[in-house]
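Trainee: Below you will find the structure I want to go over with you.
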Amino acid sequence: MSSFQIIVGSMLGGSEYVAEACEETLVTLGHQVQLHFQPDLAQIPSENQTWLICTSTHGAGDYPDNIQAFVTDLEKTDHDLSSMSFLVIGLGDSSYDTFCYAAKNINKLLISKGCKETIPLLTIDMSTDIDPELRSQEWLMTNKDHL
Ligand SMILES: Cc1cc2nc3c(=O)[nH]c(=O)nc-3n(C[C@H](O)[C@H](O)[C@H](O)COP(=O)(O)O)c2cc1C
Numbered sequence: 001m002s003s004f005q006i007i008v009g010s011m012l013g014g015s016e017y018v019a020e021a022c023e024e025t026l027v028t029l030g031h032q033v034q035l036h037f038q039p040d041l042a043q044i045p046s047e048n049q050t051w052l053i054c055t056s057t058h059g060a061g062d063y064p065d066n067i068q069a070f071v072t073d074l075e076k077t078d079h080d081l082s083s084m085s086f087l088v089i090g091l092g093d094s095s096y097d098t099f100c101y102a103a104k105n106i107n108k109l110l111i112s113k114g115c116k117e118t119i120p121l122l123t124i125d126m127s128t129d130i131d132p133e134l135r136s137q138e139w140l141m142t143n144k145d146h147l
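Residues 1 to 147 in full-length UniProt numbering are what the sequence shown spells out, letter by letter.
Structure, rendered in structure tokens:
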């Protein structure tokens, strides 16, 4: 059993639904889960934790407003994050050149901090994917042995 911190970046609510669907699946698999809709780095446990980042991209490849301060704090921190694992789900729209940049950038940032990428990044194209919650749940189930 692992302990998950789900960190949500969302402007319009879509990533929040995905995060809640992931919570349901992870709890069913026997994991402990805490959700963070307004993440504050100082309040989120990292030692021996798995972080699941669910974030959309807005502006021109930007992070949603509600995680901008969190990401800035994460960039600056010198806290040892080497015991932490993570996985990232990105929601975006492939008509943008900056498709899922927020998810891709936070994925790179966590690798640069020495965290272990449990499952490679999942990007969901909202211009074609009609059920991002189900897609995320299936992705977790397919990879459940790595969680
Ligand atoms: C103003 C605006 C800008 C956007 N910019 C991007 C972008 O740069 N890259 C991308 O992949 N998707 C972009 N999107 C698409 C959103 O990421 C997509 O609609 C997503 O599902 C929104 O998720 P949310 O409801 O969690 O905010 C943009 C959407 C809007 C409305």
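Beta carbons are placed, not taken as given, at the ideal position from N, Cα and C, and that holds for glycine.
Keep in mind the model is a prediction, meaning the values are calculated, not measured.
#1: Ligand 1 and T98: does any heavy atom of the ligand fall closer than 6 angstroms to the residue's C-beta?
#2: Report yes if the CB atom of I18 is closer than 7 angstroms to the CB atom of E138, and no otherwise.
#3: I need the DSSP call for Q38, collapsed to helix, strand or coil.
#4: Going by Cα to Cα distance, which pick from E23, S15, A42 and I119 is closest to Y63?
#5: Check Q49 in the structure and name its three-state DSSP category.
#6: Of the residues H58, S3 and Q34, which one's Cα is nearest the Cα of C100?
#7: Shortest alpha-carbon distance to Q5 belongs to which of E24, V71, A103 and Q34?
#8: List the endpoints of the continuous beta strand (DSSP E) containing S3.
#9: To which residues of the same chain is D129 closer than 8 angstroms at the C-beta, ignoring the five residues directly before and after it?
#10: Quick check: the Cα distance between G90 and F37, rounded to an integer number of angstroms?
#11: Mind reading off the beta-carbon distance from T77 to L41? Whole number of angstroms is fine, and I expect it under 8 angstroms.
#12: Just tell me which of G9, C115 and A103 has its CA closest to the CA of S83.
#13: Could you give the C-beta distance for D97 and M126, rounded to a whole number, given that I count them as a contact under 8 angstroms?
#14: Would G30 be called buried (16 or more neighbouring beta carbons within 10 Å of its own) or exposed?
Mentor: Let me lay it out:
#1: yes
#2: Here the sequence assigns Val to residue 18, which means Ile is not the residue at that position. Going by C-beta atoms, V18 is not nearer than 7 angstroms to E138.
#3: coil
#4: S15
#5: coil
#6: H58
#7: Q34
#8: S3 to G9
#9: R135
#10: 15 angstroms
#11: 7 angstroms
#12: C115
#13: Actually they do not touch by this definition, with Cβ atoms about 16 angstroms apart.
#14: exposed
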